[in-house]
Amino acid sequence: MMTDHQRIHPANDLESQTKPTIPLYPRNTSKSDRRDPPIPKRHFPVRHSQPPKKKRSCCCRLLCCTFTILLILVIAISITIGTLYLAFRPKLPKYSVDRLRITQFNLSDNNNLFVTFDVTVIARNPNKKIGIYYVSGSNISAWYKETELCEGTLPNFYQGHRNITVLNLPLTGQTQDASGLVNTLQQQLQEEGKLPLNIKVNQNVRVKIGKLKLFRVKFRVRCEVVVDSIGADNDISISDSSCKFKLRL
34 MMTDHQRIHP
44 ANDLESQTKP
54 TIPLYPRNTS
64 KSDRRDPPIP
74 KRHFPVRHSQ
84 PPKKKRSCCC
94 RLLCCTFTIL
104 LILVIAISIT
114 IGTLYLAFRP
124 KLPKYSVDRL
134 RITQFNLSDN
144 NNLFVTFDVT
154 VIARNPNKKI
164 GIYYVSGSNI
174 SAWYKETELC
184 EGTLPNFYQG
194 HRNITVLNLP
204 LTGQTQDASG
214 LVNTLQQQLQ
224 EEGKLPLNIK
234 VNQNVRVKIG
244 KLKLFRVKFR
254 VRCEVVVDSI
264 GADNDISISD
274 SSCKFKLRL
(Lines of atoms letter the chains of each structure in order from A; the text may use other names.)
(Lines give C-alpha, C1' and ligand atoms only; values in the text may rest on other atoms or scores of the structure.)
Protein backbone atom coordinates (compact mmCIF):
# COMPACT_ATOMS: atom_id res chain seq x y z
CA MET A 34 0.00 0.00 0.00
CA MET A 35 1.36 3.29 -1.09
CA THR A 36 1.88 5.92 1.40
CA ASP A 37 0.84 9.47 1.00
CA HIS A 38 4.51 10.59 0.76
CA GLN A 39 5.03 8.68 -2.44
CA ARG A 40 3.79 10.77 -5.29
CA ILE A 41 4.13 10.16 -8.94
CA HIS A 42 4.96 13.33 -10.97
CA PRO A 43 3.98 13.40 -14.56
CA ALA A 44 6.81 13.38 -17.06
CA ASN A 45 5.69 16.47 -18.79
CA ASP A 46 6.38 18.50 -15.70
CA LEU A 47 10.11 17.78 -15.99
CA GLU A 48 10.23 18.49 -19.66
CA SER A 49 8.35 21.68 -19.24
CA GLN A 50 11.21 23.13 -17.26
CA THR A 51 13.15 25.40 -19.67
CA LYS A 52 16.83 25.77 -19.61
CA PRO A 53 18.19 29.23 -19.10
CA THR A 54 19.31 30.83 -22.37
CA ILE A 55 21.69 33.71 -23.07
CA PRO A 56 20.17 36.41 -25.24
CA LEU A 57 21.93 37.10 -28.58
CA TYR A 58 21.66 40.85 -28.11
CA PRO A 59 21.85 42.88 -24.95
CA ARG A 60 18.58 43.43 -23.29
CA ASN A 61 18.77 47.20 -23.50
CA THR A 62 19.21 47.31 -27.32
CA SER A 63 16.36 47.96 -29.67
CA LYS A 64 15.59 45.98 -32.77
CA SER A 65 16.98 48.72 -35.03
CA ASP A 66 20.36 48.38 -33.34
CA ARG A 67 20.46 44.70 -33.87
CA ARG A 68 22.58 44.37 -37.07
CA ASP A 69 23.93 41.29 -38.66
CA PRO A 70 27.55 40.61 -37.89
CA PRO A 71 29.92 41.77 -40.70
CA ILE A 72 30.77 39.22 -43.30
CA PRO A 73 34.52 38.71 -43.48
CA LYS A 74 36.05 39.92 -46.79
CA ARG A 75 37.70 37.44 -49.02
CA HIS A 76 41.00 38.50 -50.43
CA PHE A 77 41.60 37.36 -53.98
CA PRO A 78 45.11 37.38 -55.43
CA VAL A 79 45.65 40.27 -57.86
CA ARG A 80 47.00 39.26 -61.24
CA HIS A 81 49.01 41.99 -62.91
CA SER A 82 48.71 42.00 -66.68
CA GLN A 83 51.93 42.35 -68.62
CA PRO A 84 52.42 45.92 -69.92
CA PRO A 85 52.37 46.32 -73.71
CA LYS A 86 55.74 46.38 -75.34
CA LYS A 87 56.92 49.90 -75.89
CA LYS A 88 58.32 51.03 -79.22
CA ARG A 89 60.75 53.47 -77.72
CA SER A 90 63.61 51.06 -77.89
CA CYS A 91 63.01 50.48 -81.63
CA CYS A 92 62.82 54.24 -82.31
CA CYS A 93 65.99 54.85 -80.34
CA ARG A 94 67.81 52.16 -82.25
CA LEU A 95 66.62 53.59 -85.58
CA LEU A 96 67.73 57.10 -84.63
CA CYS A 97 71.09 55.84 -83.46
CA CYS A 98 71.62 53.90 -86.69
CA THR A 99 70.60 56.90 -88.81
CA PHE A 100 72.88 59.25 -86.89
CA THR A 101 75.76 56.80 -87.15
CA ILE A 102 75.31 56.42 -90.92
CA LEU A 103 75.15 60.19 -91.42
CA LEU A 104 78.23 60.69 -89.28
CA ILE A 105 80.13 58.07 -91.28
CA LEU A 106 79.08 59.74 -94.56
CA VAL A 107 80.15 63.17 -93.34
CA ILE A 108 83.51 61.82 -92.21
CA ALA A 109 84.01 59.95 -95.51
CA ILE A 110 83.12 63.03 -97.59
CA SER A 111 85.39 65.23 -95.49
CA ILE A 112 88.28 62.82 -95.90
CA THR A 113 87.68 62.62 -99.67
CA ILE A 114 87.53 66.40 -100.05
CA GLY A 115 90.62 66.84 -97.92
CA THR A 116 92.53 64.25 -99.93
CA LEU A 117 91.52 65.84 -103.25
CA TYR A 118 92.47 69.28 -101.99
CA LEU A 119 95.90 68.15 -100.89
CA ALA A 120 96.45 66.23 -104.11
CA PHE A 121 95.28 68.86 -106.64
CA ARG A 122 95.52 72.19 -104.76
CA PRO A 123 92.53 73.79 -106.57
CA LYS A 124 92.58 77.53 -107.31
CA LEU A 125 89.78 79.78 -108.50
CA PRO A 126 89.93 80.95 -112.12
CA LYS A 127 90.50 84.62 -112.81
CA TYR A 128 88.75 86.91 -115.29
CA SER A 129 89.32 90.43 -116.55
CA VAL A 130 87.89 92.77 -119.18
CA ASP A 131 90.79 93.72 -121.41
CA ARG A 132 89.08 95.76 -124.11
CA LEU A 133 85.71 97.32 -124.89
CA ARG A 134 84.68 98.72 -128.25
CA ILE A 135 81.29 100.25 -129.02
CA THR A 136 80.35 99.68 -132.66
CA GLN A 137 76.78 100.94 -132.35
CA PHE A 138 75.13 103.42 -129.99
CA ASN A 139 72.20 104.97 -131.84
CA LEU A 140 68.95 106.50 -130.61
CA SER A 141 66.21 106.10 -133.21
CA ASP A 142 63.35 108.50 -133.93
CA ASN A 143 60.96 106.45 -131.76
CA ASN A 144 63.33 106.65 -128.76
CA ASN A 145 64.70 103.13 -129.10
CA LEU A 146 68.38 102.75 -128.26
CA PHE A 147 70.39 100.20 -130.28
CA VAL A 148 73.70 99.18 -128.73
CA THR A 149 76.49 96.85 -129.88
CA PHE A 150 79.57 96.18 -127.78
CA ASP A 151 82.66 94.14 -128.64
CA VAL A 152 84.08 92.93 -125.33
CA THR A 153 87.40 91.17 -124.89
CA VAL A 154 87.46 88.94 -121.82
CA ILE A 155 90.57 87.12 -120.60
CA ALA A 156 90.00 83.85 -118.68
CA ARG A 157 92.90 82.38 -116.70
CA ASN A 158 93.05 78.86 -115.29
CA PRO A 159 95.95 78.77 -112.78
CA ASN A 160 95.50 75.09 -111.81
CA LYS A 161 98.15 72.48 -112.61
CA LYS A 162 95.90 69.41 -112.61
CA ILE A 163 92.38 70.80 -113.10
CA GLY A 164 90.70 71.58 -116.42
CA ILE A 165 87.47 73.51 -117.04
CA TYR A 166 84.75 72.69 -119.57
CA TYR A 167 82.70 75.74 -120.55
CA VAL A 168 79.31 74.31 -121.52
CA SER A 169 76.04 75.68 -122.88
CA GLY A 170 73.77 77.94 -120.85
CA SER A 171 76.11 80.92 -120.52
CA ASN A 172 75.20 84.61 -120.59
CA ILE A 173 77.18 87.85 -120.63
CA SER A 174 75.58 91.30 -120.40
CA ALA A 175 76.56 94.97 -120.03
CA TRP A 176 74.67 97.21 -117.59
CA TYR A 177 74.49 100.84 -116.62
CA LYS A 178 73.21 100.83 -113.04
CA GLU A 179 69.89 98.92 -113.23
CA THR A 180 69.47 99.11 -117.02
CA GLU A 181 70.70 96.33 -119.30
CA LEU A 182 72.28 97.77 -122.44
CA CYS A 183 73.22 94.61 -124.37
CA GLU A 184 73.90 90.90 -123.96
CA GLY A 185 75.52 87.88 -125.61
CA THR A 186 76.75 84.34 -124.99
CA LEU A 187 80.07 82.59 -124.45
CA PRO A 188 81.24 79.75 -126.71
CA ASN A 189 81.63 76.17 -125.54
CA PHE A 190 85.27 75.21 -125.08
CA TYR A 191 87.71 73.35 -122.85
CA GLN A 192 90.37 75.25 -120.92
CA GLY A 193 93.36 73.14 -120.00
CA HIS A 194 95.85 73.34 -117.16
CA ARG A 195 97.52 76.70 -116.61
CA ASN A 196 95.83 78.10 -119.67
CA ILE A 197 94.99 81.67 -120.66
CA THR A 198 92.10 82.07 -123.10
CA VAL A 199 91.16 85.34 -124.83
CA LEU A 200 87.46 85.65 -125.73
CA ASN A 201 86.16 88.26 -128.18
CA LEU A 202 82.43 88.51 -127.48
CA PRO A 203 79.84 90.58 -129.39
CA LEU A 204 76.97 91.98 -127.30
CA THR A 205 73.82 93.48 -128.80
CA GLY A 206 70.75 95.07 -127.25
CA GLN A 207 67.75 97.33 -127.66
CA THR A 208 66.22 99.62 -125.03
CA GLN A 209 62.82 101.24 -125.49
CA ASP A 210 62.00 104.80 -124.37
CA ALA A 211 65.70 105.46 -123.90
CA SER A 212 65.86 109.24 -124.43
CA GLY A 213 66.11 109.84 -120.66
CA LEU A 214 68.81 107.18 -120.35
CA VAL A 215 70.91 108.72 -123.14
CA ASN A 216 70.64 112.18 -121.56
CA THR A 217 71.77 110.77 -118.20
CA LEU A 218 74.78 109.05 -119.78
CA GLN A 219 75.87 112.13 -121.67
CA GLN A 220 75.41 114.38 -118.64
CA GLN A 221 77.55 112.13 -116.43
CA LEU A 222 80.29 112.01 -119.07
CA GLN A 223 80.30 115.82 -119.33
CA GLU A 224 80.41 116.33 -115.56
CA GLU A 225 82.79 113.54 -114.51
CA GLY A 226 84.55 112.55 -117.73
CA LYS A 227 83.96 108.85 -117.02
CA LEU A 228 81.15 106.35 -116.99
CA PRO A 229 80.85 103.19 -114.84
CA LEU A 230 79.56 100.03 -116.52
CA ASN A 231 78.99 96.54 -115.15
CA ILE A 232 79.81 93.39 -117.09
CA LYS A 233 77.96 90.33 -115.74
CA VAL A 234 78.83 86.77 -116.70
CA ASN A 235 76.86 83.63 -115.77
CA GLN A 236 78.68 80.57 -117.05
CA ASN A 237 77.94 76.85 -116.65
CA VAL A 238 81.08 74.73 -116.33
CA ARG A 239 82.18 71.21 -115.52
CA VAL A 240 85.44 70.72 -113.68
CA LYS A 241 87.81 67.96 -114.77
CA ILE A 242 90.10 66.52 -112.08
CA GLY A 243 92.55 64.08 -113.60
CA LYS A 244 90.35 61.88 -115.79
CA LEU A 245 87.23 62.48 -113.70
CA LYS A 246 84.66 64.97 -114.99
CA LEU A 247 82.58 66.33 -112.10
CA PHE A 248 78.99 67.57 -112.05
CA ARG A 249 77.93 70.90 -113.52
CA VAL A 250 78.37 74.11 -111.51
CA LYS A 251 77.87 77.79 -112.31
CA PHE A 252 80.44 80.58 -112.32
CA ARG A 253 79.28 84.12 -111.58
CA VAL A 254 81.60 86.94 -112.59
CA ARG A 255 80.90 90.61 -111.89
CA CYS A 256 83.25 93.16 -113.45
CA GLU A 257 83.12 96.91 -112.82
CA VAL A 258 84.50 98.82 -115.79
CA VAL A 259 85.04 102.57 -116.00
CA VAL A 260 85.18 104.03 -119.56
CA ASP A 261 85.73 107.53 -120.88
CA SER A 262 83.32 107.46 -123.84
CA ILE A 263 80.24 105.76 -125.25
CA GLY A 264 80.48 107.03 -128.80
CA ALA A 265 80.33 104.52 -131.63
CA ASP A 266 83.61 103.65 -133.37
CA ASN A 267 85.64 105.61 -130.85
CA ASP A 268 88.73 104.39 -129.09
CA ILE A 269 87.43 103.74 -125.59
CA SER A 270 89.90 103.74 -122.76
CA ILE A 271 89.24 101.53 -119.72
CA SER A 272 90.56 103.45 -116.74
CA ASP A 273 89.59 100.87 -114.14
CA SER A 274 88.50 97.23 -114.20
CA SER A 275 87.92 94.84 -111.31
CA CYS A 276 86.17 91.47 -111.33
CA LYS A 277 84.68 89.35 -108.56
CA PHE A 278 84.17 85.63 -108.89
CA LYS A 279 81.58 83.40 -107.18
CA LEU A 280 80.89 79.70 -107.45
CA ARG A 281 77.30 78.45 -107.30
CA LEU A 282 76.41 74.78 -107.06
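In my numbering, the protein residues as written are 34 to 282.
Heads up, the beta-carbon is just placed ideally off N, CA and C, and yes, glycines get one too.
Bear in mind the structure is a predicted one, so any value in this text is a computation, not a measurement.
For the region 225-278, which segments carrying the beta strand (DSSP E) assignment without a break, of at least 3 residues, lie completely within its bounds, in sequence order? 228-242 and 245-260
Among Val240, Ile232 and Phe150, which residue has its Cα nearest to the Cα of Leu282? Val240
Expected contact under 8 Å - CB spacing of Val152 and Leu202 to nearest Å: 5 Å
Less than 7 Å between the beta carbons of Ile263 and Phe138, yes or no? yes
On a CA-only basis, which of Tyr177, Gly170, Leu218 and Asn196 is nearest Lys251? Give me that one, please. Gly170
Can you tell me where the beta strand (DSSP E) with Arg122 in it begins and where it stops? Unbroken run through Arg122: none, as it is neither H nor E.
Straight-line gap, Ile114 to Leu140 (C-alpha atoms, nearest Å): 54 Å
By how many angstroms is the C-alpha of Ser111 removed from the C-alpha of Ile102? 14 Å
Would you give the residue range spanned by the beta strand (DSSP E) that Ser174 belongs to? Run containing Ser174: Asn172 to Tyr177, per the beta strand (DSSP E) assignment.
Give every residue of the same chain whose Cβ lies closer than 7 Å to the Cβ of Gly243, excluding the five residues on either side of it in the sequence, and list them in chain order. Lys162
Go to Leu202, then tell me how far its beta strand (DSSP E) extends in each direction, as first and last residue. Asn196 to Thr208
Grab the span of the beta strand (DSSP E) containing Asn143 for me, first residue to last. From DSSP, Asn143 is part of no beta strand (DSSP E); its letter is neither H nor E.
In the DSSP assignment, what are the bridge partners of Asn158? Answer by DSSP bridge pairing, in chain order: Asn196.
So, helix, strand or coil for Ser90, using DSSP? helix
Is the separation between the beta-carbon of Ile173 and that of Gly185 shorter than 7 Å? yes
Identify, in the order they occur along the chain, each residue of the same chain with its Cβ nearer than 8 Å to the Cβ of Tyr128, setting aside the five sequence neighbours on each side. Val154, Ile155, Ala156, Arg157, Val234, Val254, Cys256, Cys276 and Phe278
Quick one: what's Ser129 bridged to in DSSP? Ile155
Within its chain, find whatever has a CB closer than 8 Å to the CB of Ala211; leave out the 5 residues flanking it on each side and keep chain order. Leu140, Asn144, Asn145 and Leu146
Please list, in chain order, all residues of the same chain as Ile269 whose beta carbon is under 7 Å from its beta carbon, the five residues on each side excluded. Leu133, Arg134, Ile135, Val260, Asp261 and Ser262
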